[in-house]
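Here is the structure we will look at.
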Amino acid sequence: MIILPGSEAYVETLQYMPLFWKQAANEKGCAIFVCRPGSGGLLEAINQDEYIEYTEGGEYDERLQELEEIGWDDDTI
Numbered sequence: 010m011i012i013l014p015g016s017e018a019y020v021e022t023l024q025y026m027p028l029f030w031k032q033a034a035n036e037k038g039c040a041i042f043v044c045r046p047g048s049g050g051l052l053e054a055i056n057q058d059e060y061i062e063y064t065e066g067g068e069y070d071e072r073l074q075e076l077e078e079i080g081w082d083d084d085t086i
C-alpha cells in the first residue's frame, strides 16, 4: 500500500514515531527529531550538530512558515 500526503492514512501515520526510530537514533548517536521543510511532516533523527544547523541555518524558520501557511497552531495537536 502507498500512503500519500493528504490522505487520512498519511495523517494517522504521522501521529506515531517512525518504524525503527530507536535504531536510527542509536546509529547516528542522537535523540533529536525534526521535521525538515518540505518533508510533509516526516520526522528525521539528527545529532546535536545537525540540530544547531537546523535551528541556526534557517530550516526551522522555514518549517514554521510552512505550518503557518497550512493554518497549524498549538490547538491543532
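Residue numbers (the working numbering): 10 to 86. Note that the Cβ used here is the ideal one computed from N, Cα and C, for glycine as well.
- Sequence-distant Cβ neighbours of E68 in its own chain, meaning closer than 7 angstroms and more than five residues away, are R45, P46.
- For the pair E17 and Q74, the Cα-to-Cα distance works out to about 23 angstroms.
- Runs of the alpha helix (DSSP H) lying entirely within the stretch 46–73 and spanning at least 4 residues, in chain order: 57–65.
- A straight line joining the alpha-carbon of P27 with that of L13 spans about 16 angstroms.
- Going by C-alpha positions, L23 is about 18 angstroms away from Q32.
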